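Using the working numbering, read the sequence shown as starting at 2 and increasing by one per residue. Everything on this sheet refers to the single structure shown next.
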Amino acid sequence: MKKYQEFEAWKKGDATATYYEDNLKSARGVSKTREKLMAVIHPEDMPWEECCQGKIKHMTNDQMDVIAKTVNTYIQEIPAGSKSGKHRHMAEEVVIVLEGRGYDLHWDVDMELTHRYEWVADKEPKRFDWEAGDIVVIPVNTVHQHFNADPDHPARIISAVNTVYKLLDYDDLEQIEPAPEYSPNKG
């Protein structure tokens, strides 16, 4: 019986590693670390951030000491008659409208492949009207922006973004336009 060519080739080399053993140790460490992470997050443990997307309060975030590591959630307050920043990210997003009324603009994105990936957004967006109690689903890699249609009252939304793409090293976040209230010196 003739051996396959890789039978001899795979034995070449003398480099060694402890990857499997390291993974076992890491897995044991994760369970010990999880015991120290917050399972209940109180409002005073949720940090505020003034960023180019707007004024947000992080509920869960992969950078926080919380058990949830596969979804980032925040509350965003959009001032009366204003809008959020405009951005695109690889992960899908679910937005729960807590207060107010407004609309989202979504631009589908196509890929142009040259020597690198180029994302090209449609020229015309799709409009989705929303009000308190509604849920807005934003598909993967969609350019989007939230608008508060009420000139007298703020709108409040909860945003939940899947972080699995980030864990798989497909994290792709592009800020196209900042929220009008954003000042780089503030946030």
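Note that CB positions come from ideal geometry on N, CA and C, so glycine has one too. Note that the coordinates shown come from a computational prediction; the quantities given were computed from them, not determined experimentally.
Taking the alpha-carbon of VAL144 as reference, which of GLU51, ILE79, LEU99, VAL121 has the nearest alpha-carbon?
By one-based count along the sequence shown, residue 144 stands at place 143. Nearest option by C-alpha distance: VAL121.
Buried or exposed for HIS107, going by 16 or more other Cβ atoms inside 10 Å?
Position 106 of the sequence shown, counted from the start, is the residue given in the question as residue 107. Label assigned to HIS107: buried.
Using DSSP bridges, identify the partner residues of GLN176.
The residue you call residue 176 lines up with position 175 of the sequence shown. Paired residue(s): HIS88.
Let's see if you can read the secondary structure: which residues bound the alpha helix (DSSP H) around LEU99?
As a working note, residue 99 is residue 98 in the sequence shown. Where LEU99 is concerned, there is no enclosing alpha helix (DSSP H), although the beta strand (DSSP E) it sits in stretches over 94-100.
Residues in its own chain within less than 7 Å of GLU78 by CB, not counting five upstream and five downstream?
The count along the sequence shown starts at 1 and reaches residue 78 at position 77. Excluding residues within five positions, the ones whose Cβ falls inside 7 Å are LYS56, PRO155, ARG157.
Across the region 158-167 and the region 84-100, are there enough close Cβ pairs to call them in contact, namely three or more that are closer than 8 Å?
Touching, yes, given that three or more Cβ pairs across the two stretches are closer than 8 Å.
Residues in the same chain with beta-carbon distance under 6 Å from ASN142, minus the five sequence neighbours each way, listed in chain order, please.
The residue you call residue 142 lines up with position 141 of the sequence shown. Correct list, in chain order: MET91, VAL110.
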